[in-house]
Amino acid sequence: MAVLVLFEFAVFGGLLLGLYYAMFAMGLNVVFGAQRIVNLAHGDLVVLGGYAAWELYETWHISPIVAVVIVLPFAIALGFLVQHFLTPRLMRSADPETLSLILFFGLSQIIEALATIVFGPNERSLPTNAIPVSSLHLLGESYPGIWWVSALVAIPVLGVFLWLLYRTPFGLRVRAVMSSVTEAATAGVNASRVSGLFFGIGFGLAVVAGTVGIFIFGGVSPTAGVALTITAFAIIVFGSLGNPWGTIVAAIIFGVVTQLAQVYLPSWSNLVPYALVILTMLLRPQGLLGRRQRVA
Amino acid sequence: MLLKFRDQRQNPSEDLKGQSRWRRAASPWVAAAIPVLIFLVAVHVYSNELLLVDMAIYIALAQGINIIYGFTGYLPFGYFGFFGVGAYVAGYGIIHWGLSGPVAVLVGGVGGALAGAILLPLFRLRGAYFALTTLAAGEAFYAIVSNPSLTSITNGPYGLNLATAYSSGWSFGMAVGLAGVAILVAALIKRSRYGMTLKAIKDDPYSAAMAGINVARDRFYAWLIAAAIAGVGGAIYGWAISVFYPQDVFDVTVSVFAIVFALFGGIGSIWGPTIGAALLYAIYNVVGVSNPQYFQLIYGLIIVLLVLFAPRGLAGLMASIRERRLFGGGAR
Amino acid sequence: MIDQGVERVGEPLLAVQGLVTRFGKFRALDGVSLTIGEGESVGLVGPNGSGKTTLVNTVCGLYPASEGSISFAGVEITGKRPDRVAAAGINRTFQIPKPFFSLSVRENVEVAAHHARQPHRVEEVLERTALLAVANHTVDTLTAAQQKRLDLARALAMSPRLLFIDELAAGLSPNELQEVAVMLRSLVDEGMALVVVEHLMGFLEQVVHEVFVLTAGRIVFQGELRDALADDTVQEVFLGRTDSAHS
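Dropping the structure here:
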């Protein structure tokens with residue numbers, strides 16, 4: 000009986016976390032869709048969001064939920080600026096794909112260094128009562144309050160994002176660019192301006208994920224970025240690069256698998272994202288939803 | 000393949016104009032010997048031997064990146080994985096098989112090469128995807144080696160203690176030797192037919208195949224060489240510091256440094272990665288050991304500036320200056 | 000005008016049987032069968048997307064065949080690596096030339112000549128493709144026409160018995176077209192088999208007599224070029240309705 004209970008816990012808990020992971024990974028997917036660039040600074044942006052939440056709470060006692068709203072415009076602006084100033088030069092270079100990767104990696108190092116300089120190298124965490132929700136019971140199981148909250152934050156954020164993508168003229172232009180930059184150009188879409196805002200949204204999603212993430216991950220430290228970026232990459236690759244629905248489905252599966260691993264094979268659970276990347280790339284590079292994205 | 004290695008190209012396009020035959024032929028050996036000699040002198044002048052060992056290892060790693068990225072076009076973010084595997088295989092050899100340090104180091108190199116062979120299927124992937132998947136692979140190696148369940152084999156998260164095999168003279172000598180060998184190998188490849196083959200593969204694998212090149216095999220050799228260099232480097236490092244935890248050798252910073260050093264100096268050139276590694280590692284020691292975050296800021300900025308303004312690194316800048324002088328100011 | 004070619008003695012040089020190449024569910028080649036004799040020159044025409052380049056890529060081993068067989072000089076080459084196919088004696092040019100940009104013109108040819116174990120052919124090939132003058136230049140200084148000739152030079156350095164020419168004519172001036180046509184004819188005269196994938200009929204006429212017409216992954220006509228142009232099926236394929244089974 001206890002076995003079944005654990006299993007249920009892992010599955011439903013994984014589902015809740017999966018919703019959070021969807022928001023967490025979507026930012027990386029968005030930046031990729033905008034300019035076919037893998038943003039290696041993604042994890043560091045998430046960490047920045049965590050630091051922002053920490054700072055706002057510790058210094059001004061602002062709830063992390065409110066912090067989300069405060070940091071969002073800054074993040075969007077940052078993303079727009081990065082795209083606007085950096086990517087045009089990149090696109091003209093000899094090896095744009097690898098060089099972009101290296102460039103964003105450089106950005107991630109800069110962010111990490113600044114974070115260490117400002118906040119110190121140690122992990123920062125927030126007490127769970129910073130978000131006043133206690134654990135909630137469902138079907139005889141008790142799930143940590145923060146899992147509920149993060150899912151409840153993720154749902155509207157993702158909802159707004161999907162609405163933006165599928166129900167607004169801006170979103171239509173974005174989807175045009177995502178499927179083909181050249182075709183979109185012939186339809187008069189200024190890919191660069193679209194990309195800029197889209198980058199901004201990607202950065203915004205990452206930072207928002209970070210403000211809640213400081214609880215999910217137990218804290219933030221400057222070096223946590225790499226593992227987070229790989230995890231997000233694993234999710235979006237598994238879900239098909241550039242496909243937002245794919246990210247959501249993949250994130251939920253990822254959440255469930257990770258929770259199951261934590262229950263049944265705890266010492267190996269940190270291997271899940273790495274195994275996911277490697278297996279997906281080798282066995283089904285086009286991901287779950289099979290959008291034809293050439294990785295090989 | 001050995002024969003191809005020694006063939007001299009008749010007309011290397013990047014040759015300095017007017018350089019005489021014998022000087023061209025001697026260059027790889029000179030490029031390897033000079034740094035080696037400098038190290039051998041420096042150890043008598045400078046007391047921090049471990050620093051010199053580290054610098055020599057990074058020169059080697061930068062040349063390894065030069066071979067697999069500069070020549071062949073594949074950037075392995077997960078390069079640190081081979082470094083860690085080398086350290087652990089050598090460590091295992093010392094602890095469980097009673098190997099001496101030098102022998103264990105060579106076995107570590109083999110371990111690195113084997114790890115490279117395991118990752119061979121990743122070559123199907125392009126550019127960024129290859130880079131990131133190797134990163135995941137490197138982290139996976141770490142997660143496996145440091146796993147508490149494997150404590151009986153790798154001592155899990157508790158690290159290894161190789162103090163019994165400690166020998167500072169030998170580890171220094173092997174580190175310098177590794178640097179020399181890595182530079183030599185890279186230089187010899189570059190001016191050989193094999194180097195030309197790698198360039199063709201990097202430029203266009205389909206066209207290369209139709210030119211009779213066995214792309215997978217020739218690429219594999221470069222990868223094995225690079226992986227072995229990292230394996231030996233990791234083995235020497237672990238041996239030299241004697242006591243280390245998994246996270247000390249499976250450290251993505253190793254890849255980062257190697258890549259940044261190589262890029263900074265100029266991939267594709269021979270002296271570039273050597274000078275890049277020596278220079279930046281020296282700066283690291285002045286700035287970075289006490290304040291690693293400032294060094295991280297510096298090299299983060301270096302990366303961004305390099306990519307945007309000088310993707311061919313120092314060597315590229317020197318070449319541009321020379322070109323401008325040869326062709327004069329004004330339209331080319 | 001053009002020698003009809005060597006008498007077909009014994010086995011054909013290239014024999015393709017029931018070749019199918021699939022991309023996911025899409026059958027780019029849907030059961031192609033054809034033979035090319037020693038020294039024969041033939042055209043391969045068809046509308047865009049009919050599978051011409053796919054056929055070339057599959058025969059050369061760059062795409063895996065899903066079904067069917069390819070044999071060259073009596074030897075089965077289906078599924079062989081492209082460098083093995085090149086070593087066997089088949090080569091090709093690319094629709095968009097793919098030279099090695101890091102290497103000089105001469106080195107581009109050297110790479111191939113060396114792997115064909117014929118290093119002495121380099122000068123000969125460079126002369127043949129009128130690239131001797133720019134042999135030491137880097138590839139980025141070449142004109143588009145020169146890059147196409149370099150592609151050809153690279154293929155010739157492997158001494159192929161069968162050469163696929165993939166849409167060489169696009170973008171060339173009338174003079175350049177003439178030069179290339181003369182070059183190709185001289186190759187045929189020397190006994191090389193040629194398959195010329197081409198849209199430009201005027202150019203094709205100067206090089207080949209017979210054509211295969213490919214549409215939606217199948218050969219729908221095989222015979223003399225002028226008969227092809229007059230054939231009803233062929234006209235429909237080019238001018239009329241598209242094959243609905245493959246839209």
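Chains as they are written, first to last, in numbering that gives the first Met the number 0: chain A, 0 to 295; chain B, 0 to 331; chain C, 0 to 246. Backbone N, C-alpha and C define an ideal beta-carbon position, used for all residues, glycine too.
task: Just the chain C side, please: which residues come within less than 8 Å of B/Tyr-205 by C-beta, in chain order?
output: Leu-61, Pro-81, Phe-93 and Lys-97
task: Kindly confirm or deny that the stretch 38-48 of chain C and the stretch 77-93 of chain C touch, where touching means at least three C-beta pairs closer than 8 Å.
output: no
query: In terms of residues, what are the limits of the beta strand (DSSP E) holding C/Thr-20?
result: 13-22
- request: Starting from B/Ala-185, trace the alpha helix (DSSP H) both ways and give me its first and last residue.
  value: 167-189
- request: Would you mind stating whether A/Val-255 and A/Leu-14 have Cβ atoms separated by less than 9 Å?
  value: yes
task: Quickly, what does DSSP pair C/Phe-220 with across the bridge? List them, please.
output: C/Val-212
message: Tell me whether the stretch 164-171 of chain B and the stretch 266-275 of chain B touch, counting them as touching only if at least three CB pairs, one residue from each stretch, are closer than 8 Å.
response: no
- prompt: So, do the stretch 193-201 of chain A and the stretch 63-71 of chain A have three or more beta carbon pairs nearer to each other than 8 Å?
  reply: no
field: Nearest-angstrom Cα separation, counted from A/Trp-267 out to B/Asn-146
entry: 7 Å
field: Beta-carbon proximity list for B/Leu-2, same chain, < 7 Å, skipping 5 on both sides
entry: With a pLDDT of only 40 at B/Leu-2, under the threshold of 50, the placement of this residue in the model should not be trusted, and no figure is reported.
- prompt: What is the rounded straight-line gap between the Cα of C/Leu-176 and the Cα of C/His-208?
  reply: 17 Å
task: Give the residues of chain B in contact with A/Ala-274, contact being defined as C-beta atoms less than 7 Å apart.
output: Ala-139
field: Of the listed residues B/Ala-55, B/Arg-321 and B/Pro-291, nearest to A/Gly-119 (C-alpha basis)
entry: B/Pro-291
Per-residue contacts from A/Asn-121 into chain B (C-beta, under 7 Å): In chain order: nothing, as chain B lies at least about 12 Å away.
- prompt: Is the number of C-beta pairs between the stretch 42-55 of chain B and the stretch 101-109 of chain B that are closer than 8 Å three or more?
  reply: no
query: Where do the N-terminal and C-terminal ends of the alpha helix (DSSP H) with B/Gly-275 fall, by residue?
result: 270-282
- prompt: In the structure shown, what three-state DSSP assignment does B/Pro-11 receive?
  reply: Legend: pLDDT at B/Pro-11 = 46, less than 50; position of this residue unreliable, value from coordinates given subsequently. In the structure shown, B/Pro-11 sits in coil (DSSP, three-state: anything other than H, G, I, E or B).
message: Please return the same chain residues whose Cβ sits closer than 8 Å to the Cβ of B/Phe-122, not counting the five positions on each side in sequence.
response: Tyr-73, Phe-129, Ala-215, Arg-218, Phe-219 and Trp-222
- request: Count the C-beta pairs between the stretch 107-119 of chain B and the stretch 80-94 of chain B that are closer than 8 Å, then say yes if the count reaches three, no if not.
  value: yes
query: Mind checking A/Trp-53: buried by the 16 CB within 10 Å criterion, or exposed?
result: buried
- prompt: Rounded to a whole number of angstroms, what is the C-alpha to C-alpha distance between A/Tyr-263 and A/Phe-11?
  reply: 15 Å
Delimiting residues of the alpha helix (DSSP H) encompassing C/Gly-88: Premise fails: C/Gly-88 is in no alpha helix (DSSP H) and is neither H nor E.
field: DSSP beta-bridge partners of A/Val-219
entry: A/Arg-123
query: What's the call for B/Gly-85, buried or exposed, on a 16-neighbour Cβ count within 10 Å?
result: buried
message: Can you tell me which residues form a DSSP beta bridge with C/Glu-66?
response: C/Val-19
query: By how many angstroms is the C-alpha of A/Ile-109 removed from the C-alpha of C/Leu-61?
result: 42 Å
message: So, with DSSP's three-state summary, where would you put A/Glu-57?
response: helix
Beta-carbon gap between A/Val-225 and A/Thr-279 smaller than 9 Å: no
task: Measure the alpha-carbon distance for C/Asp-82 versus C/His-114 and round it to whole angstroms.
output: 9 Å
message: Just to confirm my understanding: we take B/Gln-62, look at its own chain, exclude 5 residues before and 5 after, and list those with CB closer than 6 Å. What are they?
response: Ala-181, Ile-182, Ala-185 and Pro-272
query: How many angstroms separate the CA atom of C/Gly-23 from the CA atom of B/Gly-194?
result: 37 Å
message: I'd like the span of the alpha helix (DSSP H) that includes C/Arg-26, first residue to last.
response: Where C/Arg-26 is concerned, there is no enclosing alpha helix (DSSP H), although the beta strand (DSSP E) it sits in stretches over 25-35.
message: Nearest by alpha-carbon distance to C/Gln-16: which of C/Lys-51, C/Phe-71, C/Glu-166 and C/Phe-25 is it?
response: C/Phe-71
- prompt: Going along the stretch 257-277 of chain B in order, which residues come within less than 9 Å of chain C, judged by CB to CB distance?
  reply: Gly-267
- request: Check the Cβ of B/Ser-148 against every Cβ in chain A and list those closer than 8 Å, keeping chain order.
  value: Ser-266 and Trp-267
field: alpha helix (DSSP H) segment containing C/Leu-155, residue limits
entry: 143-155
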